[in-house]
Amino acid sequence: MNILVCISHVPDTTSKINFTENNTVFDSGGVQFVINPNDEFGLTRAIWLKEKQGAQVHVVHVGTSKSDPTLRKCLAIGADKAYRIDTPAVDGSSVAKELAAFVKTNSYDLIIAGRESIDYNGGMVPGMLAALLDIPFVPNCVGLEVDGTTAVAEREIDGGREKLKGSLPMVIGGQKGLVEETDLRIPNMRGIMQARQKPFEVVPAQQVEAISEDMKFEKPAPKAEVKLVPADDLDQLIELLHKEANVL
Amino acid sequence: MSVLIIAESENNALKRNAAEVASYGVALAAKLNTSCAAINFHAANAAELGQYGISKVTHSTNVQKSFDANAYANAIAAYAPKNNVTHIIVSSSADAKFLAPLLAAKLNAGYAPNVVALPEELSPLTVKRTAFTNKAFVHTQLLATCNIIGVGNNAFGVIENAVDCTVEEVDAENVTSNLEQVSIEKVAGKATIADADVVVSGGRGLKGPENWHLIEDLAEVLNAATACSKPVSDMGWRSHDEHVGQTGKPVSTNLYIAIGISGAIQHLAGVNSSKVKVVINNDPEAPFFKAADYGVVGDAFEVVPELTKKLKAFKALG
Ligand SMILES: Cc1cc2nc3c(=O)[nH]c(=O)nc-3n(C[C@H](O)[C@H](O)[C@H](O)COP(=O)(O)OP(=O)(O)OC[C@H]3O[C@@H](n4cnc5c(N)ncnc54)[C@H](O)[C@@H]3O)c2cc1C
Ligand SMILES: Nc1ncnc2c1ncn2[C@@H]1O[C@H](COP(=O)(O)O)[C@@H](O)[C@H]1O
């Protein structure tokens, strides 16, 4: 089985978000970039499939050489090969088109992406990729079993879960639940050493045109000071929520 | 040029979010000087969209009963070009976020999710949406001939604007499915985080799962959904689908009540777009107090039962 894990490279969850150049560019100064957490769950699930059922696990990323350390980390965690499609990621649609072109020339049985990137929160790429390839897609995926040429994937729905079955190849948008946090692997010395020997290929991009563009960023207006209500006067809280905030 | 809203339904009835999506679509159509129609599968009460200014609903029932993203996307992708649709409005539900990217790829449409207001410019179409998990907004231009706008939950609100509404029954075209439903589990009769107006959320400060009646009782009075911080679900005190925050479910509700939750950056990121936030915590230095609108410094074990009691009395008065 050939598994492709799509990796997005995002600011660490504790990062302070700032912008430069008149709020048109994300300020990456001092920001640590990591594997998108949703993709890390997917990568671990892929490595489990490899260990239990036998598989080749490749990772792919659309981006510039700035993301190479993130891809090396994927290799250190256990991926067999990394590809970087060499173009800056501009919008979900162009990334999906680059990935679709890549997948068409390298055949995969299973494509694992993440539910969403925690930076732009698009949740666009995996679904678009599946639609471009005309193969099944399961988002918000919290469970995945592969058996021969079919897969059963479970998705989280509002207030429950739905189990869906489809034939491979399939795209899933993974998240926590696919594996648990305690299952995530931290690269050890041996992994890091091995990663240096593993194939890492830079693939020329198709240069597809983006159909959306982020023009300008803005930080939320500073919050008004919290109104404290004494613990022994909760009627006041109810009054405020009712009359002032209008939410009761 | 025309606007199309995708009105979601469940158990043959419109979902609550259909009202907000319709209100947004109708307001956008007015700005564009054009019409706004709706498409719906399965709702028996589709004509009720007339309350929000929708005068025409295209209604199809020839799709698999439950929500089927690929079949819906195929059907809408066949419908839209024939009807000169240039703007498609969807919600931010889990189903909408499943459907929209499929539809966008099939139509080669631009797509912006989590949009918080009407477009600030119509040409090129420019929308404001949340990014960096609510730590910022981004103004995005959508440059395709047809573009999809995903309206953030409770970001626009509902505007009543009653008109006559005709429902046209059609057989949706091109309905093909590529997934088979094996099973579906849904907690019946309980408000869900995505749909509820109020969410009551508990953190590690509650000490253990045996104390969750505090959260549940308060939620019941408020007809609220229950949620929790990440460590609470990690420790198995509550099920994973209650985990909210940057790596859990997003919450964008009218009222979010955080009890015994410190307010770590990853927690706040996921709940910040809620309109009104209340924190109950015994540590006045807890970071949540910086993010909240109202706060009570106190012991949850005393404050919450008292608040529940008082709210019951308040609700009883109507
Ligand atoms: C990559 C990453 C992703 C993460 N994603 C998320 C996420 O999506 N969601 C999330 O929630 N967290 C997330 N976290 C974890 C986050 O950093 C915090 O650890 C977590 O939110 C803390 O949970 P808590 O507030 O319940 O617990 P604590 O931080 O332990 O806070 C408990 C609070 O309860 C208060 N308290 C104690 N006793 C009482 C009492 N009797 N009455 C009232 N108050 C009391 C304390 O004062 C304290 O403020 C993530 C972390 C990482 C590293
Ligand atoms: N530049 C990228 N390269 C490869 N995969 C990506 C890229 N951006 C997003 N993805 C994948 O798509 C998922 C959803 O991302 P997004 O659509 O950006 O929210 C991520 O979790 C990744 O698996």
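In order, the protein sequence lines correspond to chains A and B.
According to the numbering used here, the first sequence is numbered sequentially starting from 1.
According to the numbering used here, the second sequence is numbered sequentially starting from 249.
Ideal placement from N, C-alpha and C gives every residue a C-beta, glycine not left out.
On a predicted model such as this, the values are computed, not experimentally measured, just so you know.
Item: Chain B contact for K198(A) (CB, 8 Å cutoff); Value: no
Item: Neighbour flag for P361(B) against chain A, beta carbons, 8 Å; Value: yes
Item: Reference T414(B); option with closest CA among A442(B), H307(B), L559(B); Value: H307(B)
Item: Cutoff 6 Å; reference P457(B); Cβ partners in own chain excluding five residues on either side; Value: W485
Item: Sub-8 Å separation of I77(A) and L43(A) beta-carbons; Value: yes
Item: Minimum Cβ-Cβ distance from H387(B) to chain A less than 8 Å; Value: yes
Item: Nonlocal neighbours in the same chain, by C-beta distance under 7 Å from Q312(B), ignoring five residues either side; Value: A319, S425
Item: Buried or exposed (CB count within 10 angstroms, at least 16 for buried), E201(A); Value: exposed
Item: CB contact check: S93(A) to chain B, cutoff 8 Å; Value: yes
Item: Given V411(B) as reference, the closest of S250(B), V251(B), V274(B), L262(B) once Cα atoms are compared; Value: V274(B)
Item: Close beta carbons around S117(A), own chain, < 6 Å, minus the five adjacent residues each side; Value: S8, V10, N36
Item: Rounded separation between K354(B) and E428(B) - CA only; Value: 21 Å
Item: Any C-beta of chain A under 8 Å from that of N259(B); Value: no
Item: Touching by the beta-carbon criterion (3+ pairs, under 8 Å), the region 526-536 of chain B and the region 466-486 of chain B; Value: no
Item: In DSSP terms, what R377(B) is bridged to; Value: V363(B), V386(B)
Item: Beta-carbon contacts of E154(A) that lie in its chain and below 6 Å, excluding the five residues immediately before and after; Value: V142, G143, R161, K163
Item: C-alpha distance - D91(A) paired with K97(A), whole-angstrom precision; Value: 10 Å
Item: Entirely enclosed alpha helix (DSSP H) segments - the region 513-563 of chain B, minimum 4 residues; Value: 513-519, 536-539
Item: Own chain partners of G567(B) with C-beta closer than 7 Å, once the 5 adjacent residues on each side are dropped; Value: Because chain B is modelled from 249 through 566, residue 567(B) falls outside the range shown and cannot be assessed.
Item: Contacting positions in the region 475-501 of chain B - beta carbon closer than 7 Å to chain A; Value: D482, H488, D489, Q494, T495
Item: Residue nearest to F536(B) in terms of C-alpha spacing, selected from K558(B), G511(B), G301(B), V519(B); Value: G511(B)
Item: Contacts of A321(B) in chain A (Cβ-Cβ under 8 Å); Value: A131
Item: Proximal residues to E368(B) (C-beta, below 8 Å), its chain only, five neighbours per side dropped; Value: T374, V375, K376, H387
Item: F404(B) (DSSP reduced to helix, strand or coil); Value: coil
Item: For I111(A), three-class secondary structure by DSSP; Value: strand
Item: Interface positions of the region 326-342 of chain B facing chain A (Cβ-Cβ less than 7 Å), listed along the chain; Value: S341, A342
Item: Where the alpha helix (DSSP H) containing P457(B) begins and where it ends; Value: Premise fails: P457(B) is in no alpha helix (DSSP H) and is neither H nor E.
Item: Where the region 208-219 of chain A meets chain D: residues whose CB sits under 7 Å from a CB there; Value: The chain labelled as chain D is not found among the protein chains of the depicted structure, namely A and B.
Item: L503(B): contacting residues in chain A (beta-carbon distance under 9 Å); Value: L241, A245, V247, L248
Item: Pick from A89(A), D109(A), P88(A), R196(A) that is closest to A55(A), judged by C-alpha positions; Value: D109(A)
Item: Beta carbon of A294(B) nearer than 8 Å to that of V305(B); Value: yes
Item: Under the three-state DSSP convention, the category E209(A) falls into; Value: coil
Item: Beta-carbon spacing of A285(B), I302(B) below 8 Å; Value: yes
Item: Paired residues, beta bridge with A267(B) - DSSP; Value: BP columns for A267(B) are empty, so no partner.
Item: Per-residue DSSP class, three states only, for T42(A); Value: For clarity, residue 42(A) is Gly in the given sequence; the question names Thr instead. Helix at G42(A).
Item: Around ligand 1, Cβ to any heavy atom closer than 5 Å, ordered along the chain; Value: T13(A), G451(B), R452(B), G453(B), S477(B), K478(B), P479(B), G493(B), Q494(B), T495(B), G496(B), G508(B), I509(B), S510(B), A512(B), Q514(B), H515(B), N529(B), N530(B), D531(B), A534(B), D547(B), A548(B)
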